[in-house]
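Residue 361, in the numbering used here, is where the sequence shown stops; the numbers in between run on with no holes. Glycine is no exception: its CB is placed at the ideal position from the N, C-alpha and C atoms. Fair warning: this is a prediction, and the values are worked out from it, not measured in the lab.
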Amino acid sequence: MSRYFEVLFLLIFAGLLFPVFPVASQQKEFTVVIDAGHGGKDPGALGSSSREKDITLSVAKKLGALIEKKHPDVKVVYTRKDDSFVALDRRADIANSAKADLFISIHCNALSKRQQSPQGVETFILGLHRSKDNLEVAKKENSVILLEEDYSQKYEGFNPQEPESYIIFEFMSDQYLKQSLRLASLVQHQLVHNSNRINRDVRQAGFLVLREVAMPSILVELGYISNPNDEKYLKSTAGQNSMANSIYMAFKEYKRDYDKKNRIFSNETTNQHQKTISSETAIEYRVQFLTSPKKYEAGSPAFKGLSPVSFYKDGTVYKYTYGSATDLSEIIKILNEVQPKFKDAFIVKFQNGIRIQ
Ligand SMILES: [Zn+2]
Numbered sequence: 005m006s007r008y009f010e011v012l013f014l015l016i017f018a019g020l021l022f023p024v025f026p027v028a029s030q031q032k033e034f035t036v037v038i039d040a041g042h043g044g045k046d047p048g049a050l051g052s053s054s055r056e057k058d059i060t061l062s063v064a065k066k067l068g069a070l071i072e073k074k075h076p077d078v079k080v081v082y083t084r085k086d087d088s089f090v091a092l093d094r095r096a097d098i099a100n101s102a103k104a105d106l107f108i109s110i111h112c113n114a115l116s117k118r119q120q121s122p123q124g125v126e127t128f129i130l131g132l133h134r135s136k137d138n139l140e141v142a143k144k145e146n147s148v149i150l151l152e153e154d155y156s157q158k159y160e161g162f163n164p165q166e167p168e169s170y171i172i173f174e175f176m177s178d179q180y181l182k183q184s185l186r187l188a189s190l191v192q193h194q195l196v197h198n199s200n201r202i203n204r205d206v207r208q209a210g211f212l213v214l215r216e217v218a219m220p221s222i223l224v225e226l227g228y229i230s231n232p233n234d235e236k237y238l239k240s241t242a243g244q245n246s247m248a249n250s251i252y253m254a255f256k257e258y259k260r261d262y263d264k265k266n267r268i269f270s271n272e273t274t275n276q277h278q279k280t281i282s283s284e285t286a287i288e289y290r291v292q293f294l295t296s297p298k299k300y301e302a303g304s305p306a307f308k309g310l311s312p313v314s315f316y317k318d319g320t321v322y323k324y325t326y327g328s329a330t331d332l333s334e335i336i337k338i339l340n341e342v343q344p345k346f347k348d349a350f351i352v353k354f355q356n357g358i359r360i361q
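This is the structure in structure tokens:
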């Protein structure tokens, strides 16, 4: 009898673990998506004798060629390889359906007043802007969606020109923040020290294209096409080679860390291994919409029709949540459903069922 339960227990346990955390997934090849900003009918920023879309495409292809040549184990995916228009959500689709491990978006910055244009390189990761400057860069890059016919529907009412639209980005930066920041710092460092660009730092802002991708991601503004010195460099073959090489060097270092981590990972015993995977994948997002000292029953009018609703207790207070997703883009969709009813609703994060910051 006890043997029977032992076997049963093992079967249930194995059945619970394996379908959720397939062991094979960690052996997949590393995929990097290289995203040349703009293209086709969207030239991007304009210099006096060059266009952002041409510079980004050239650097993207050079970068991809370097990675392909030196890392046969890495799959390179491009969002565009020619002068074609690719919508922002399509760029993200390409990266997400490739199940990429990294997303590198390449752009050039510009100011409308050429005389006052700063120069230098800045590397962005997704997040809430901490300065008006950063917001302006995101606004400019996001306004590409205005060229898409059904943008308001596709991006769920997001208006690139409206500062209120950007509040949502505060909730997005967690999941891949550390890895994105690591890559951004490496890229910025290489462009400054290897390509001798002026350092305008790693920054955060709400870029739609970064919001939509489910992987560590950066957006690099190689320089100011509106600044004569930067433009000369940006459009030169030598400059483009050097910038591609700098980003490549950063990628190489990032990948080396990644491999090191994965090797240690697979040397661990199966038990530890499963523990590591489960703690990494047990992140869950919910939308918190109501806080009350009262415990409401399911179907209560207080929920304004939301069902099913969960709650957790924080001291003496009940906090009510709706929806559950392991990926941010999913929970954002749910948040968008909830906000018309509860305008202060926001996303909360759980690990192994416990609310975390
Ligand atoms: Zn751009």
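Contact belief for residue i with residue j at Cβ below 8 Å, rounded distance in angstroms
i: Y324; j: V313; result: 5 Å
i: Y252; j: R186; result: Their Cβ separation, rounded to whole angstroms, is 16 Å, which puts Y252 and R186 out of contact at 8 Å.
i: L132; j: Y180; result: Actually they do not touch by this definition, with Cβ atoms about 16 Å apart.
i: T60; j: A102; result: About 19 Å separates the two Cβ atoms, so there is no contact after all.
i: G227; j: L238; result: 5 Å
With 16 other Cβ atoms within 10 Å as the buried cut-off, status of residue i
i: N146; result: buried
i: A96; result: buried
i: D84; result: Before going on, a small fix: residue 84 reads as Arg here, not Asp. Buried: at least 16 other Cβ atoms inside 10 Å.
i: I98; result: buried
i: P76; result: exposed
i: N200; result: exposed
i: D39; result: buried
i: D105; result: buried
i: E72; result: exposed
i: I172; result: buried
i: A69; result: exposed
Boundaries (first-last residue) of the beta strand (DSSP E) holding residue i
i: Y180; result: Element bounds for Y180: n/a, residue is neither H nor E.
i: I222; result: S221 to Y228
i: F354; result: F350 to Q355
i: N113; result: L106 to N113
i: K79; result: V78 to Y82
Coil, strand or helix - residue i by DSSP
i: H197; result: helix
i: R204; result: strand
i: R95; result: helix
i: Y322; result: strand
i: K65; result: helix
i: F307; result: helix
i: D39; result: strand
i: E288; result: strand
i: R134; result: coil
i: K117; result: coil
For residue i, the nearest candidate out of the options (CA to CA)
i: Y316; options: P297, D105 and G309; result: P297
i: E288; options: I149, A254, T330 and V36; result: T330
i: F255; options: S54, G41, S88 and S109; result: S109
i: Q123; options: E235, S328 and E301; result: E235
i: S246; options: S62, N100 and A142; result: S62
i: A142; options: L67, L223 and Y300; result: L223
Alpha helix (DSSP H) segment containing residue i, residue limits
i: E153; result: Where E153 is concerned, there is no enclosing alpha helix (DSSP H), given that its DSSP letter is neither H nor E.
i: F128; result: Counting along the chain, F128 falls outside any alpha helix (DSSP H), though it belongs to the beta strand (DSSP E) covering V125 to L130.
i: Y258; result: T241 to N271
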